[in-house]
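Colleague: Sending over a structure as C-alpha cells; questions will come in a sec.
Number of protein chains: 4
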Amino acid sequence: MIKVSIAGGTGYTAGELLRILLNHPGVTIESVISSSSAGVPVSSIHRDLFGETDITFSGKVGQPDLIFLCLGHGLSRTFLAENNIPATCKVIDLGNDFRNDPKFGGREFIFGLCELNREQIRRANSIANPGCFATSIMLGLLPLAASNALTDEIHVHAITGSTGAGKKPVDTTHFSYRDNNISVYKPFTHQHLSEIERTLKVVGNGEVPPIQWVPMRGDFTRGIFASIYTRWNGQMSETETISYFKEYYNDSPFVFVSDEPISLKEVVNTNKCLLHIGFHNGYIHITSIIDNLLKGASGQAVQSMNLMFGLDETTGLKLKGSAF
Amino acid sequence: MIKVSIAGGTGYTAGELLRILLNHPGVTIESVISSSSAGVPVSSIHRDLFGETDITFSGKVGQPDLIFLCLGHGLSRTFLAENNIPATCKVIDLGNDFRNDPKFGGREFIFGLCELNREQIRRANSIANPGCFATSIMLGLLPLAASNALTDEIHVHAITGSTGAGKKPVDTTHFSYRDNNISVYKPFTHQHLSEIERTLKVVGNGEVPPIQWVPMRGDFTRGIFASIYTRWNGQMSETETISYFKEYYNDSPFVFVSDEPISLKEVVNTNKCLLHIGFHNGYIHITSIIDNLLKGASGQAVQSMNLMFGLDETTGLKLKGSAF
Amino acid sequence: MIKVSIAGGTGYTAGELLRILLNHPGVTIESVISSSSAGVPVSSIHRDLFGETDITFSGKVGQPDLIFLCLGHGLSRTFLAENNIPATCKVIDLGNDFRNDPKFGGREFIFGLCELNREQIRRANSIANPGCFATSIMLGLLPLAASNALTDEIHVHAITGSTGAGKKPVDTTHFSYRDNNISVYKPFTHQHLSEIERTLKVVGNGEVPPIQWVPMRGDFTRGIFASIYTRWNGQMSETETISYFKEYYNDSPFVFVSDEPISLKEVVNTNKCLLHIGFHNGYIHITSIIDNLLKGASGQAVQSMNLMFGLDETTGLKLKGSAF
Amino acid sequence: MIKVSIAGGTGYTAGELLRILLNHPGVTIESVISSSSAGVPVSSIHRDLFGETDITFSGKVGQPDLIFLCLGHGLSRTFLAENNIPATCKVIDLGNDFRNDPKFGGREFIFGLCELNREQIRRANSIANPGCFATSIMLGLLPLAASNALTDEIHVHAITGSTGAGKKPVDTTHFSYRDNNISVYKPFTHQHLSEIERTLKVVGNGEVPPIQWVPMRGDFTRGIFASIYTRWNGQMSETETISYFKEYYNDSPFVFVSDEPISLKEVVNTNKCLLHIGFHNGYIHITSIIDNLLKGASGQAVQSMNLMFGLDETTGLKLKGSAF
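Sequence order for the protein chains is G, D, Z and H. In this text, residue positions in the first sequence follow the numbering used here: the first is 1, and each later residue adds one. In this text, residue positions in the second sequence follow the numbering used here: the first is 325, and each later residue adds one. In this text, residue positions in the third sequence follow the numbering used here: the first is 649, and each later residue adds one. In this text, residue positions in the fourth sequence follow the numbering used here: the first is 973, and each later residue adds one.
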C-alpha cells in the first residue's frame, strides 16, 4: 500500500483527492495536513465525506511514500523548504510552482501530463501536475502538434466552472452574481499559456504558433469546455486526421475522440477527456471537455501516482459520472 | 418631486431601490449614501445601472423629503441618532430595527404592510418595512386571520433565494456550494416569526396559533416560495373561502389569488404576490410567492412611499417581470 | 459473475444502472433491452458512457440471472407477461407495479428497502424497488416507527430534482421554466404515500398517523431533500433518540446520522442517505437527503442485487460523490 | 394610441412583447392571435401576466395599426398571404423571413437595427427585426465597419440562453440536460451569419472579412454573451478607438461602452447592449451583451415601433433590470 499525505487538506483539490483515494485499493492515507484545522475531522470540512472516513486533519506530515501538495500557488516551494521532505518521498504538486520552473531542492519536476510524458512519469519522483485549463487545451492540440499540423494561429475560448476559482468566497463566486451569468477574465493573458506553449514546444517539430485565448467564467460548478480552432493545413484528409487523433490516444485510457458533438456533462465526475473534431472554412475545430477537479487536477494527479508506483493507470479512477 | 436619500447605498436593497426609483416619475434622488464609497459612481457597484445614471455615492445625507435606510440590521438606530435626521424628513427602514420596537427618537414606526395598514401608512412619517419571509407568509395568512379562521397550528415551509442573504460572500452563498443544493436554516426559530405573530394579533379576533416554520435556502437568486397549511375550520365553504381571499385583496393592486397552481418565477422581478389555495385532508393549503427584493423589500418600501406622499400606490411599480 | 439484463434501457434509471454495473466487479451485462433502439450503441443514448462500453441495445432479453425492469410505471406486468421470464431469473422492478400489490405470475415481490427488509431480500427472487420520495421519507421515519414514537400527525415537505421527472421533455422540465424556479405538485396526494404507509404499518406497533406531505419541484437535477416533523412524545431524551437512530442504522452501510445540519449535495452521486435530527417546540424535526437516481432508484436496486446474490451490500456502490 | 396585434401569441417573443406593451403608454392591444388557444386568457399561457391583463387569445387579427409577427421562422409569409393584411397596417416580423429577402407582397422590409437604420425605420411600414445573435455581434462590429477597421478575419464565440431555443420542450432544453452544461451547435454555419454579413456590407467601405463564429448553448435562461476579436489595424490609437465607439453610439439610447469588463446579467431584463473593448496581441477584443428576448427580439421590435410611430425611441423600454 502506498502511504500518502496531502498538504493543504482543506481546499477543493484536497477534498477531491480524498474522494478518490478513500476508494483506491492501493493507498492508505498517512495524513491530511492542515495547520489551521489540526484535530478536526476531515468530514467536518469536506461534508460529503461524512460516513466515508473518520480521519482528522493533522498538523504533521508523517512518513508518507508520496505527498500531494494542494497548496495555494506559490506555497509549494515554501512547504518543501520548511518541512524537510526526504528525497525518498515522492511529490506531486497540484499548484503551479514547478510547471515552468521544474528544478527545486535537488528535485526535478516532470510535467504530469500522462498522455504525453507517460514513461517519464513512471520513473519520476516529483511531478508538476498540469493546470486545468492547460490540460483541456493541450489534449486538444497534442495530436496536431505531433503531426506538425500547428502551422497557424490557434484560437481558443474556454469556459470554466466555479470550483476552478477555489474555496474562498469572493465576489465572482457569489451565487447571486454567478448564477445565470457569463463573463470573461484575463483575456489573452491567462497564466496557463506558458505551460501550454512550453509543452507544445517539445512535441513534433516544436513550432508553436501564437495562441489567442479568451478564458470565460461559466455558471456551473465542475468542468471546462474548450473550443479550439486553427487553420487546417490539409496534409492529411479529414478522415485521416480524425483517425490520427484516435490512434494518438489509443493507449490513453481516459481520452476519447467522439464522432458526435459533445456536451460538458458527459465527463463531469470522471477522469475522462472527450474530444470532438470538425472541419469548417479551412479550419479544424476541436472541442475538448474535462472535469476541472478530476482530469484537470486531482484525478490527473492520481493517474500520475498510479504510473509512479507501477499500478495500472486507471486504478481508482473508474468513476461513475454524474451525467446530470 | 419627492427628494429621496438612500442610506447604505452599496447593498442589494439599495441597488434595487435605485433600479425602481430611477424610473419613478415622482422622485428625484438627493443622495445615495456610502461612507466607504463616497465619490464613486453608483454604477461601479451596481453594475447593471451603467448607462442608467451618473450619480455618485455621497458621504452626506443632504436634505431629502424621505430617507430609505438600507443598513445592516441593528444599524438604523445608530444612523438616525448620529445624523440628526429632522422630524420633517420621512423615514422608511428596510432593516428590522423598528418592526417590533416601533418607537425611537420621537418617531413611531408604522409596520409597512400596505395590504393591512394602508390608511396608517398614508399618514405615517416613519415606516418599518416588513421582512421578506414575513411578507410572503403574512399575505398568505391575513384573510384567514381576518375571518377568524386561524384556529389551529400553522405549518410553513418557505424557501428563499440567495439575494436574501445579502451581498457579502460567505460559505452558504458560494456558487460551488449553493448551485443545485438545498438546505434548511434556523428551523422553527427564524427571527421573522415575531413580526408575523405581532401582526396577526391585531387582525380578526387576535388569536395566533403556534407557527411551525422551516425556512430553507434555495439555489435561485430571487424569490420566496412559501407553502403554508393549517386546519380548515370549514365555517365557510371552499368556494366562499377562495372568494373571501379575492375580496380581501380586492383593493390591493399587487396581490392576486390564482385558481391555477403557481410557480415562483411568475412574480420574479415584479412587486406582485400570488396566492393559490387548495383544500386537502381537512387542511387549507396556501402557496404564496413574492420577489424577496421587491415585494419583500425595496418594492414594498416604494409602495409605502407612494402612499405616504399621496401618489397612486402602483406608481413606478408596474414592472416587467422576467418570467424566465 | 451475475448475468444481468436491463429492460427499458434508454431511460434515466437504466442509464444510472449501467453507470454502476459497468464498474461492478461481480456483474456482466447480458443485454440492455430497447425495442426502439435495438442495435444502437448504448453510449449514443447515454452519452457519458462513451469510452466506457461498446454494448449495443438489444431487442431480446437473453438468459440473465437477474433482470432489472426500468419501464414506465404500469409496464412491468406487461413485460413479464409477454417475455416469459423463467422463475429462475430474479427480477428487480424499479417501477411501482409491485410495491403495493406484490403478487404476480407466481412471484412475490419483496419491498426492496434494504434497511428494513435486509434478510427477506437476501432470500428473495423478486424485488419491488421503493420509490425515490418514499425512500427518503421512510428512512427518516423508520427509527421512530420502530420505537413506537409515531404518535401524532407527520408533516413533510420534500423537494425533488428534475431527473425524478424522467427523460421525456415536458413543460415542467423545460430549462426556461425550471431554472431558478420552485413549485408544488400533487400536494397531500402523491402516489408514494401508499407505500410509505404500507411499510410503516409493519414496523413497531404498526400505528401510522396521517402523513401531510407537500412534494415540491426543485431547480436542481439530482437529489431529494425531505424535511419531516412530528410531535415528539419524549419517552426517550433528545440524546437517547439520536443514539437510537444511530444504532438503528448501525448495520446499514449507507445511512448516517449527522450531528451537523446537512445540505443536499453531501449525498449527490452517492448511494448514501444522511439524516439530521433536531428538537423544537415539542416536535422532532428530521431532514433526510438522498440522490434520487441512486439510493432513490438504481443504487438501491443494486444494493438489493448484492444481497440477493450473497455479495457484500456495498459492492460496486462505493461511489465518489460529486460534492459540488 | 397605437392599436397593436400580435400573431403567434403563445410563444416566448409574443409573451415578452405583452410584458412590454401592457405598460407602454402609447399602445392598446387590439388582439393576441392564436388559432389553437382562441378564447383562452393570455395569462393562462404566459402565467406571469396573471393580474396584469384579462385579454384572451383571439382567432382574428382585427384592425390594428401595427401587427407583430411572432411566428416560427418561415411562417410569416404564409400569415401575410392568408390574412390579407392591408398595406396601411404596419408590420414588424420577429422571424427571419424578410431579413435577407426583404420584398414581399408589395412591402419592403427594412432591417430593424435601430442603431444603424434609425431614419429608414422612422419612415418604414414593414420591419424585419434582427436575429438575437446577429444583434449582439453587429452592435459589437458596427463602429469598426464604419471606420473601415474590419480588415482581417473576425473571430466570434457567442453563448445564448435557453429562451433562444423557443418554447417547445426538446432534448437540449431539458433541465436535466441543460443545467450546469455547455455545448456548441452549428459551429461556423449559424444562419444569422448572412444577415450580419449583409448588414456590414452597407457600412463603411463595405468590406466584410470572413467571420469565424462558434455559437454555444449556455445554462442560463436569458441573454447572449458575444466575445469578438479581429486584428487591430491601429489607424486610430486605443483611446481614439474607444472614443469612436462611444461617439458612434452617442445617439443610441440603449448601447453603452463600458470601461470596465462586463458580465451578462448587467443587461438581463433590459433593452440595453453593453460593450467592452480591450487590446491584446495586436487584436481588438470586443465583448457584447444583450438580453436575447429584449434587445435581441421583442424590445428591439418595440424600439422600431416607437420610431415608426414618431414616439421617443425609449418609450416603454426603460425597464428595471433583474440584476441577479
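No residue lacks a Cβ here, since even glycine has one placed at the ideal position from N, Cα and C.
Which word fits Z/His-721, buried or exposed, when buried means at least 16 other C-beta atoms lie within 10 angstroms of its C-beta?
Modeller: The residue is exposed, with fewer than 16 neighbouring Cβ atoms inside 10 Å.
Colleague: Any Cβ of chain Z within less than 8 Å of the Cβ of D/Val-508?
Modeller: By this cut-off, D/Val-508 is an interface position.
Colleague: Return the first residue and the last residue of the alpha helix (DSSP H) that D/Tyr-336 is part of.
Modeller: Element bounds for D/Tyr-336: 336 to 345.
Colleague: Does D/Pro-454 pass the burial test, meaning 16 or more other C-beta atoms within 10 Å, or should it be called exposed?
Modeller: With 16 or more other Cβ atoms within 10 Å, it is buried.
Colleague: Who are the neighbours of Z/Thr-889 on chain D, taking C-beta pairs under 7 Å?
Modeller: None at all; the shortest Cβ gap to chain D is about 16 Å.
Colleague: Is it the case that the Cβ atoms of G/Thr-163 and G/Ala-226 are separated by a distance below 8 Å?
Modeller: Their beta carbons are not under 8 Å apart, which means G/Thr-163 does not touch G/Ala-226 by this criterion.
Colleague: How long is the line joining the alpha carbons of G/Gln-235 and G/Glu-247, rounded to whole angstroms?
Modeller: In a straight line, the C-alpha of G/Gln-235 is about 17 Å away from that of G/Glu-247.
Colleague: When the cut-off is 8 Å and only beta carbons count, does H/His-1146 lie next to chain Z?
Modeller: Closer than 8 Å: yes.
Colleague: Determine whether the beta carbon atoms of G/Asn-233 and H/Thr-1193 lie at a separation below 8 Å.
Modeller: Going by C-beta atoms, G/Asn-233 is not nearer than 8 Å to H/Thr-1193.
Colleague: On the three-pair Cβ rule with 8 Å, is the region 797 to 804 of chain Z touching the region 568 to 588 of chain D?
Modeller: No, because fewer than three Cβ pairs between the region 797 to 804 of chain Z and the region 568 to 588 of chain D fall closer than 8 Å, the two stretches do not touch.
Colleague: Report the rounded CA-to-CA distance for H/Leu-1111 versus Z/Lys-816, giving the unit in angstroms.
Modeller: Rounded to the nearest angstrom, the two C-alpha atoms are 38 Å apart.
Colleague: Take the Cβ of D/Val-526 as the centre, count every other Cβ of all protein chains shown within 10 Å, and call the residue buried at 16 or more, exposed below.
Modeller: Flag for D/Val-526 reads exposed.
Colleague: Under the DSSP definition of a beta bridge, which residues are partnered with Z/Ala-776?
Modeller: Looking at the DSSP assignment, Z/Ala-776 forms a beta bridge with Z/Asp-741 and Z/Phe-759.
Colleague: What separation, rounded to the nearest whole angstrom, lies between the Cα atoms of H/Asp-980 and D/Leu-395?
Modeller: It is worth fixing the name first, because residue 980 of chain H is Gly in this sequence and not Asp. Approximately 47 Å between the Cα atoms of the pair.
Colleague: Taking just the CA atoms, how far does Z/Ser-824 sit from D/Ser-646?
Modeller: Those two C-alpha atoms are separated by around 11 Å.
Colleague: Taking 8 Å as the CB-CB cut-off, is G/Asp-179 touching chain D?
Modeller: So yes, G/Asp-179 belongs to the interface.
Colleague: Taking 7 Å as the limit between beta carbons, can you name the residues of its chain near D/Asp-495, skipping five residues before and five after?
Modeller: Result list for D/Asp-495: Tyr-501, in chain order.
Colleague: Output needed for Z/Asp-713: all residues of its chain with C-beta closer than 6 Å, excluding positions within five of it in sequence on either side, in chain order.
Modeller: Once the five neighbours on either side are set aside, the close Cβ partners of Z/Asp-713 are Ile-650 and Lys-651.
Colleague: Under 8 Å Cβ-Cβ, which residues of chain G neighbour D/Thr-487?
Modeller: In chain order: Ser-176.
Colleague: Taking 8 Å as the limit between beta carbons, can you name the residues of its chain near D/Tyr-568, skipping five residues before and five after?
Modeller: If we look at D/Tyr-568 and ignore the five residues flanking it on each side, its Cβ neighbours are Pro-467, Ser-471 and Met-560.
Colleague: Compute the Euclidean distance between the alpha carbons of H/Leu-989 and D/Pro-539, then round it to the nearest angstrom.
Modeller: One C-alpha to the other measures close to 36 Å.
Colleague: Mind pulling the chain Z residues with CB within less than 7 Å of D/Asp-543?
Modeller: Those are Asp-867 and Phe-868, listed as they occur along chain Z.
Colleague: For H/Gly-1299, which residues in chain D fall below 7 Å Cβ to Cβ?
Modeller: A question about residue 1299 of chain H goes unanswered here, because the residues of chain H that appear run from 973 up to 1296.
Colleague: Is the CB of H/Asp-1263 under 8 Å away from at least one CB in chain Z?
Modeller: It does not: the Cβ of H/Asp-1263 has no partner Cβ on chain Z nearer than 8 Å.
Colleague: Are the beta-carbon atoms of H/Ile-1154 and H/Asp-1191 separated by less than 8 Å?
Modeller: It is a contact, given that the beta carbons lie within the stated cut-off.
Colleague: Should G/Val-184 be labelled buried (16 or more other beta-carbon atoms within 10 Å of its own) or exposed?
Modeller: By the neighbour-count rule (16 or more Cβ atoms within 10 Å), G/Val-184 is buried.
Colleague: So, for G/Lys-295: in the same chain, excluding its five sequence neighbours on each side, which residues have a beta-carbon less than 7 Å away from its beta-carbon?
Modeller: Correct list, in chain order: Thr-135, Phe-254, Asn-271, Lys-272 and Cys-273.
Colleague: By the criterion of Cβ-Cβ separation under 7 Å, what are the contact partners of Z/Phe-972 in chain G?
Modeller: Chain G residues near Z/Phe-972: Thr-163, Thr-221 and Arg-222.
Colleague: I need the DSSP call for Z/Phe-957, collapsed to helix, strand or coil.
Modeller: Looking at Z/Phe-957 - three-state DSSP - the assignment turns out to be coil, as it is neither helix nor strand.
Colleague: Count the C-beta pairs between the region 445 to 453 of chain D and the region 410 to 428 of chain D that are closer than 8 Å, then say yes if the count reaches three, no if not.
Modeller: Counting Cβ pairs under 8 Å, three or more are found: they touch.
Colleague: Leaving aside the five residues before and after Z/Thr-821 along the sequence, list all residues of the same chain whose C-beta is less than 7 Å from its C-beta, in chain order.
Modeller: These residues qualify, in order along the chain: Ser-810 and Ala-813.
Colleague: Please list the partners that Z/Ile-807 has in chain D, where partner means a Cβ-to-Cβ separation under 7 Å.
Modeller: Per Cβ cutoff of 7 Å: Ile-506.
Colleague: Between the beta-carbon of Z/Ile-890 and the beta-carbon of Z/Ile-925, is there less than 8 Å?
Modeller: In contact: Z/Ile-890 and Z/Ile-925 (Cβ atoms closer than 8 Å).
Colleague: Suppose you measure from the CA of Z/Ile-740 to the CA of G/Ala-149; what does that come to, to the nearest Å?
Modeller: C-alpha separation (whole angstroms): 53 Å.
Colleague: Between D/Asp-636 and chain G, is there a C-beta pair that is closer than 8 Å?
Modeller: No, its Cβ sits nowhere closer than 8 Å to a Cβ of chain G.
Colleague: Mind checking which residues open and close the beta strand (DSSP E) that includes G/Lys-3?
Modeller: Taken as a continuous stretch (DSSP letters only), the beta strand (DSSP E) holding G/Lys-3 covers 2 to 7.
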